[in-house]
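Below is one structure, written out as structure tokens; the observations come after it.
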Amino acid sequence: MERKVQVIPFQVVEQVEKVNEIPKGIEMIQAPKTWNQTKGEGITIAILDTGCDLTHPDLKERIAGGRNFTNDDNGNPDVYRDYNGHGTHVAGTIAAIQNNSGVVGAAPEANLLIIKVLDKNGSGQYEWIINGIYYAIEQKADIISMSLGGPEDVPELHEAIQEAVANNILVVCAAGNGGDGNASTDEFDYPGSYNEVISVGAVDLARSPSRFSNSNNEVDLVAPGEKILSTYLNGKYAVLSGTSMATPHVSGAMALVKNLANKSFERKLTELELYAQLIKRTVPLGNSPKLEGNGIVYLTVTDQLSEILNNQVVPEEVKL
């Protein structure tokens, strides 16, 4: 199976030596306001990407293991180092630790399973990704995050994702960067367009739809995807743009949602129930659902609605 898939095209805006902040995108989805209840502890997120900078000070404590399915490093399965930067950036948005230095991810105590399915050029074979999904299932990951895609609908890839969902794994995918800003035009990338995945589109830091974000009726929600600051190669940081950057915001948020919902219901919720809990924590932005799905992920919206309702004065009964 020689057909190729690649990282969702992204733009490196700038590289930075040192930073010390909670990135704006993490603030926008309200992740810090849930950290008094959960930071994603006990949740394992499999990142299928270009690998990871395994010694990055913001990430090394969160990496629980991994595997290489590419030809990099002579195909050594135990070397899942990132030579591209894309996977490291995604990892930081998900789970960079809270250490008063660098950046902080959405779920700073989640565990990362680094599954390298794209090589140093950001390209890979569908077979590598399919094998990576089955490895994530075998390792009992809670969430699979894929900021990658291609134009081909490959049945074996679809089957692997269906198997992951059947194993109660939430699969979060980038919608793709082939958009033209027009909701009347449909652009499909796979696996992001499969109904079983959580398909993530992008908005900028002012919550306006990103012109590059794919528009179609499978988009589930949006997250910040422009000028996103996160971890990068050689212990550094970079600002990147793309639906690749929106996706890990949702993967990290999903780790928080899973812990919050399971604790609230006092049982382990199914994949469908957890998806519903995520969508419950979105806010419509007023754009076409083909551009934004259910809206932007906003983790505290349920708390804010409860507060509004509890503060309302109940009117006296009106007699007719």
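Every number in our numbering is 7 more than the matching position in the sequence shown, counting from 1. Here a beta-carbon is modelled for each residue, glycine too, at the ideal position from N, C-alpha and C.
- Rounded to the nearest whole angstrom, the C-alpha separation of F195 and A260 is 24 Å.
- V257 and I205 have their C-alpha atoms some 9 Å from each other.
- Cβ atoms of G58 and I140 stay farther apart than 8 Å, at about 16 Å.
- DSSP places S206 in the strand class (E or B) of the three-state scheme.
- Note that the C-beta distance between Y197 and E166 is not below 8 Å.
- Under the three-state reduction of DSSP output, Y197 falls in the strand class.
- Membership of P231 in the beta strand (DSSP E) is indicated by the continuous run L228 to P231.
- The Cβ atoms of R69 and A102 lie closer than 8 Å to each other.
- About 21 Å separates the beta carbon of Q37 from that of T238, a gap too long to meet the 8 Å contact definition.
- Residue ranges of uninterrupted alpha helix (DSSP H) with 4 or more members, entirely inside the stretch 93–165 and ordered along the chain, are 93–102 and 133–145.
- When the beta-carbon positions are compared, G300 and V229 come within less than 8 Å of each other.
- The straight-line gap separating the alpha-carbon atoms of P291 and G183 is approximately 20 Å.
- Taking the C-beta atoms as reference points, A173 is found no nearer than 8 Å to V207.
- The beta carbon of A114 is closer than 7 Å to those of K46, G47, I50, I101, A102, G259, A262 and L263 in its chain, skipping five residues each way along the sequence.
- For N266, same chain residues with a beta-carbon under 6 Å away, outside a window of 5 residues either side, are T45 in chain order.
- Residues of the same chain with a CB within less than 6 Å of the CB of G199, apart from the 5 flanking positions on each side, are G156, C180, A181, A182, G183 and S206 in chain order.
- Under the DSSP definition of a beta bridge, Y239 lacks any partner.
- R214 is a Cβ neighbour of I303, given a cutoff of 8 Å.
- Exclusion of the five residues before and after D80 leaves V86 and R88 as the residues of its chain whose Cβ lies within less than 8 Å of its Cβ.
- For Q284, the CB contacts under 6 Å within the same chain, skipping 5 residues up- and downstream, are V264 and A268 in chain order.
- When the alpha-carbon of S222 is set against those of E116, L298, E21 and W135, the nearest one is in L298.
- By the CB criterion at 8 Å, I54 and V111 fall outside the cutoff.
- It is roughly 20 Å from the alpha-carbon of D227 to the alpha-carbon of L164.
- DSSP places D310 in the uninterrupted alpha helix (DSSP H) bounded by V308 to N318.
- Membership of N75 in the beta strand (DSSP E) is indicated by the continuous run I70 to N75.
- As DSSP reads the structure, Y244 sits in a beta bridge with V23 and T238.
- By the C-beta density criterion, K123 is buried, having at least 16 other C-beta atoms within 10 angstroms.
- If you ignore the 5 residues before and after N91, its C-beta comes within less than 6 Å of the C-beta of T57, K127 and G129, all in its own chain and listed in chain order.
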